[in-house]
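According to the numbering used here, the sequence shown is numbered sequentially starting from 1.
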Amino acid sequence: MLDTKDLNASTETTSLVRLPPLLAQRDVLRVGGISVAATLIPQSCRLHAAGSIGTVDRSGPGKAKSVIFLWMGGGVTHIDSFDPKPQAPSEVRGSLEDIATNVPGIRFCETLPKLASVTDKLAVLRSFSHDSDDHLLSQVYTLSGRRINRLQLFSEPNIGSVVWRTHGPRSGLPGYIAVPGVTRPGPPPHNLFVGGWLGSKYAPYCLGGLPEQPDFSVGEKLYDPPAKYEEELRPQSLSLSPDVSLSRLSNRQALRDAFDQALRTVERQDQFQAAEAQFQNGLRLLHTPEVRQAFEVGDEPSSVRENYGRTKIGGRCLTARRLVEAGARFVMVDYGYDPDYGNIWDNHNAPVQNHPPIQQMVFRGYHLAGMDRAFAALISDLSSRGLLETTLVVFVTEFGRTPTINKLGGRDHWGRAGSLFFAGAGIKTGQVVGQTDRTASRPLTRPYGPWDVAATIYHLMGINHEDFTADFQDRPRPILDEGAIIRELLA
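Given below as structure tokens:
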């Protein structure tokens, strides 16, 4: 939930471009001040001379062929999940106990028994930290890997957009898919799933389309809504009208192509390109039987459905696995703002939220209990199918929650400390990276921010995060402005 103070606070694989030094200098001079340009031009020239600009780094990284980005927007409590503090005062630890995992010496909160059983396949980052307690800023931080201000909420591309721009689509699937991609933090609602300066055609292909109720913080919610939910995640573009066969649709496509010559000028407009990209993505999905089959979650054995949980988050994680199995490159599981549950992770326990105290909330099937079940099933399922070796799984939320439980029984925004996890391709698992103090208030070890998480993802996808790519106007842009690979995580 956003406080008032929050609101008032200020398919091409040719994406990495080689630029002649003079062009690089002119762009820097055009965009930045002369003093800034003076510091940037020599570095960019040296990089170009060394052959770094425009390359995909294949010397060691690139172990991941796919990414599943588990994005839990709203701020998942770290103390009540991956970083319990049993020795802390009662106003910090609350009533929950810690439990052993299957890795000696690593303990989770009792809310995560299933993830505790697969901890040997995880690398937990307990020193996630940054400088913002604001939802919108922090969510753009984590979606883009960039430190932004209020004027940049929609200007910076998502990590998945950069991967799509760099590596292109694969197996008939868009290069960046959001399952379902309906989160709209607010009020008012904001769509943060954007292609930014890459252009709208690199915004994620959202299975959920446009949310029917964009502002999920509006409207009264049930006090204890049921967690069981059979969600339909099959894109509407896969549903042909009974009177339009696939062959007739192909004929219509041929007719449509005849108008392309007359639309050359219009195609330069970003909104047109976004609509065109959505049309072409939908058309490709229709024409590829294997891709269409990937969305038929109902074909899964009942036992598999039960393992993931017949919940929204369970169905979304299972859909992500099926998409990766079909060849998807970057899939984001989007879960956090919901028309039935409200702002799931934003547990201030304010009266308008109609929540129980957070340490009771965590056991609900749509909260930590459902996340625990779905994530553990996803990791185990990918492993048993031989997909985990080539699939990078990253759990990301924008920040943790306050160490002290507030007077209403909730926890508030806390950017200074939080917990994430990594699994799969190129990750050294069965370990914890980083440590927080006795109240989980701040890291005692080196803090890592969203830019470091992004740099690590890019590295494992074979993308040099210190390189440049071209924006929608073919101008050079750094892939990241800051950030370093989290070396402790790497196998």
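All C-beta atoms, glycine included, are put in the ideal place defined by N, C-alpha and C.
Nearest-angstrom Cα separation, counted from residue j out to residue i
{"i": "Q149", "j": "G415", "result": "First, the residue type needs correcting, since residue 149 is Asn and not Gln in the sequence shown. So the alpha carbons of these two residues sit roughly 15 Å apart."}
{"i": "R321", "j": "S303", "result": "15 Å"}
{"i": "R234", "j": "Y205", "result": "12 Å"}
{"i": "L136", "j": "M461", "result": "27 Å"}
{"i": "A88", "j": "E230", "result": "40 Å"}
{"i": "L151", "j": "S380", "result": "41 Å"}
{"i": "S95", "j": "P403", "result": "14 Å"}
{"i": "G208", "j": "V179", "result": "7 Å"}
{"i": "G298", "j": "P169", "result": "25 Å"}
{"i": "S66", "j": "A425", "result": "9 Å"}
{"i": "P113", "j": "A374", "result": "12 Å"}
{"i": "S217", "j": "P351", "result": "12 Å"}
{"i": "R107", "j": "K85", "result": "10 Å"}
{"i": "I344", "j": "Y366", "result": "8 Å"}
{"i": "L122", "j": "L392", "result": "11 Å"}
{"i": "N406", "j": "L143", "result": "28 Å"}
{"i": "T119", "j": "P447", "result": "22 Å"}
{"i": "G430", "j": "Q473", "result": "44 Å"}
{"i": "M332", "j": "F69", "result": "5 Å"}
{"i": "L387", "j": "F295", "result": "18 Å"}
{"i": "L198", "j": "A470", "result": "7 Å"}
{"i": "D215", "j": "V124", "result": "32 Å"}
{"i": "P185", "j": "A455", "result": "25 Å"}
{"i": "T319", "j": "Y202", "result": "21 Å"}
{"i": "P188", "j": "K312", "result": "24 Å"}
{"i": "G327", "j": "P357", "result": "42 Å"}
{"i": "E488", "j": "V433", "result": "7 Å"}
{"i": "T166", "j": "E212", "result": "32 Å"}
{"i": "E466", "j": "I485", "result": "10 Å"}
{"i": "M72", "j": "V394", "result": "11 Å"}
{"i": "Q359", "j": "D346", "result": "13 Å"}
{"i": "N158", "j": "G449", "result": "16 Å"}
{"i": "I463", "j": "G160", "result": "12 Å"}
{"i": "W164", "j": "Q293", "result": "22 Å"}
Outcome for residue i when other beta-carbon atoms lying within 10 angstroms are tallied against a minimum of 16
{"i": "D481", "result": "exposed"}
{"i": "E156", "result": "buried"}
{"i": "K228", "result": "exposed"}
{"i": "A423", "result": "buried"}
{"i": "S90", "result": "exposed"}
{"i": "I479", "result": "buried"}
{"i": "R385", "result": "exposed"}
{"i": "R147", "result": "buried"}
{"i": "G74", "result": "buried"}
{"i": "Y308", "result": "buried"}
{"i": "Y176", "result": "buried"}
{"i": "G410", "result": "buried"}
{"i": "Y341", "result": "buried"}
{"i": "R329", "result": "buried"}
{"i": "D372", "result": "buried"}
{"i": "L47", "result": "With a pLDDT of only 39 at L47, under 50, the local geometry of the prediction cannot be trusted, and the value read off the model is given with reservation. It counts as buried."}
{"i": "L222", "result": "exposed"}
{"i": "G219", "result": "exposed"}
{"i": "P476", "result": "buried"}
Distance CB(residue i)-CB(residue j) smaller than 8 Å
{"i": "V453", "j": "L490", "result": "no"}
{"i": "S81", "j": "L368", "result": "yes"}
{"i": "G400", "j": "H78", "result": "yes"}
{"i": "A417", "j": "R438", "result": "no"}
{"i": "V362", "j": "T101", "result": "no"}
{"i": "E389", "j": "S138", "result": "no"}
{"i": "W451", "j": "G145", "result": "yes"}
{"i": "L173", "j": "L323", "result": "yes"}
{"i": "V182", "j": "F154", "result": "no"}
Unbroken beta strand (DSSP E) run spanning residue i, endpoints
{"i": "L70", "result": "S66 to W71"}
{"i": "A470", "result": "F468 to A470"}
{"i": "I99", "result": "D98 to A100"}
{"i": "V333", "result": "F330 to D334"}
{"i": "R364", "result": "No beta strand (DSSP E) contains R364, which DSSP labels as neither H nor E."}
{"i": "R477", "result": "P476 to P478"}
Boundaries (first-last residue) of the alpha helix (DSSP H) holding residue i
{"i": "V324", "result": "K312 to E325"}
{"i": "V453", "result": "P450 to L460"}
{"i": "D381", "result": "L368 to S384"}
{"i": "A294", "result": "P289 to A294"}
{"i": "R305", "result": "S302 to Y308"}
{"i": "R93", "result": "S90 to R93"}
{"i": "Q359", "result": "I358 to M361"}
Residue i beta carbon near the ligand FAD (any heavy atom closer than 7 Å)
{"i": "R487", "result": "The model on display carries no ligand, and the ligand FAD is accordingly not part of it."}
Unbroken stretches of the beta strand (DSSP E), 3 residues or longer, contained in the stretch 396-436: 418-424 and 431-433
message: So within the stretch 108-183, which uninterrupted alpha helix (DSSP H) runs reach at least 4 residues, ignoring any that extend past its ends?
response: 113-116, 135-144 and 159-167
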